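Read left to right, the sequence shown gives residues 1 to 323 (the UniProt record's numbering).
Even glycine gets a Cβ: it sits at the ideal position worked out from N, Cα and C.
From a predicted model like this one, the values you see are computed outputs, not experimental measurements.
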Amino acid sequence: MKPNPEQADLIENICNCKSWEGIVRKLWPKARYIGCVCTGVMRQYIAELEFYCRGLPLVSTSYACSEAICGINLEPLCKPCDVSYTFLPNMAYFEFLPVENDHDESIEMKRNDEDTELVDLVNVKVGQCYELVVSTCAGLYRYKVGDVLMVSGFYNNAPQFQFVERKNVILSVDQEKTSETDLFKAVTEAKALLDPLGFILTEYTSYVDTSSAPGHYVLFWEIKGKEGKNCKELDPKIMVECCSRMEESLHYTYKIYRKRNIIAALEIRVVKQGSFEALMDYYVSKGTSLSQYKKPSCIKSEEALKILDSRVIGKYFSPKSPL
1 MKPNPEQADL IENICNCKSW EGIVRKLWPK ARYIGCVCTG VMRQYIAELE
51 FYCRGLPLVS TSYACSEAIC GINLEPLCKP CDVSYTFLPN MAYFEFLPVE
101 NDHDESIEMK RNDEDTELVD LVNVKVGQCY ELVVSTCAGL YRYKVGDVLM
151 VSGFYNNAPQ FQFVERKNVI LSVDQEKTSE TDLFKAVTEA KALLDPLGFI
201 LTEYTSYVDT SSAPGHYVLF WEIKGKEGKN CKELDPKIMV ECCSRMEESL
251 HYTYKIYRKR NIIAALEIRV VKQGSFEALM DYYVSKGTSL SQYKKPSCIK
301 SEEALKILDS RVIGKYFSPK SPL
């Protein structure tokens, strides 16, 4: 490539605008869609992507994992929340382990996995949730992928699945179980309070703090302004309200335990920008593939917690029980 001062000036002028809303379409006016993963933990980035590419479709074309290519999206222009993948029976031998909804609305495996009969691809039922199990020509035999899927319909005789969550991503202080999906719904409700103020939640993760009794949920949030706003301008009252909104959005068992003081007040710790990049660098340094890295919804590593805690710029607690 040769130097192009005119093009450089054009890009600089676009990037110097007050707001980056729709900037993708300004920089690449011929762009037709954004190819991305918009299911599972990646759902949290949908709002930010829509902000930057205002109006361009977000297309998730396929469902694949390290073990196999599993399915394709036959309606690529559908809304991210409606994405379903039609499974390809010639890519691997797929079986499914039934899972069930328990009383506190999180998804959990049926008791005694080893005693549960696997279901073949053609025998799954619409509306039922399953854990994906694969056998491949490469040598995997009935390998549990760890993804929980829900049957959304059929294309001819091929079942279509929506991704629900990763198995065993759970917060628990006592006997309550909060799944990845429960957490995502609560965060979605809470972050809606930031949007009118011109802030975007770019990253989050969680862990259970049991260093004091009773234990409590801790959320790490990385926030940035839409139009150059600084996180220091965040209103503490709004962040406290975010804590309350999250607790109000969690399942009934959590609320009962909060009322009985079995669980202490939920806490949000705001970290400075770049904190989750540092977290990614840590996991990659420990051997995680950069192309396969997904930000964990729940932190278990003490070293990872230290990385985030060292970058906290504000701590906020829920002021009251949700019941």
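Could you tell me the alpha carbon to alpha carbon distance between residue i and residue j, rounded to whole angstroms?
| i | j | result |
| --- | --- | --- |
| K30 | K226 | 24 Å |
| K224 | V271 | 10 Å |
| H103 | G198 | Legend: pLDDT at H103 = 40, less than 50; position of this residue unreliable, no value from coordinates given. |
| N261 | A186 | 20 Å |
| K295 | F276 | 8 Å |
| A8 | Y143 | 51 Å |
| L266 | H216 | 6 Å |
| L74 | V59 | 11 Å |
| Y93 | V119 | 12 Å |
| E222 | Y141 | 40 Å |
| K300 | T205 | 11 Å |
| T86 | K286 | 35 Å |
| H251 | C15 | 43 Å |
| D174 | G127 | 30 Å |
| T116 | P236 | 49 Å |
Just reading off the beta strand (DSSP E) that residue i is part of, what are its end residues?
| i | result |
| --- | --- |
| A158 | A158 to R166 |
| L140 | Counting along the chain, L140 falls outside any beta strand (DSSP E), and DSSP gives it neither H nor E. |
State the start and end residues of the unbroken alpha helix (DSSP H) segment that holds residue i.
| i | result |
| --- | --- |
| L132 | Premise fails: L132 lies in the beta strand (DSSP E), C129 to S135, not in any alpha helix (DSSP H). |
| I313 | Unbroken run through I313 is the beta strand (DSSP E), V312 to F317; no alpha helix (DSSP H). |
| Q7 | P5 to C15 |
Just to check my reading of the structure: residue i and residue j have Cβ atoms closer than 8 Å, yes? What is that Cβ distance to the nearest angstrom?
| i | j | result |
| --- | --- | --- |
| L193 | R245 | 6 Å |
| L121 | P89 | 6 Å |
| V164 | L149 | 6 Å |
| M91 | C70 | 7 Å |
| S84 | F161 | 6 Å |
Identify every residue that forms a DSSP beta bridge with residue i.
| i | result |
| --- | --- |
| D147 | R166 |
| L97 | E131 |
| T178 | L171 |
| D120 | E95 |
Ordered list of alpha helix (DSSP H) runs contained in the UniProt domain "GH3 C-terminal" (182 to 303), each at least 4 residues: 236 to 249, 252 to 259 and 275 to 285
Ordered list of alpha helix (DSSP H) runs contained in the region 20 to 91, each at least 4 residues: 23 to 27 and 46 to 52
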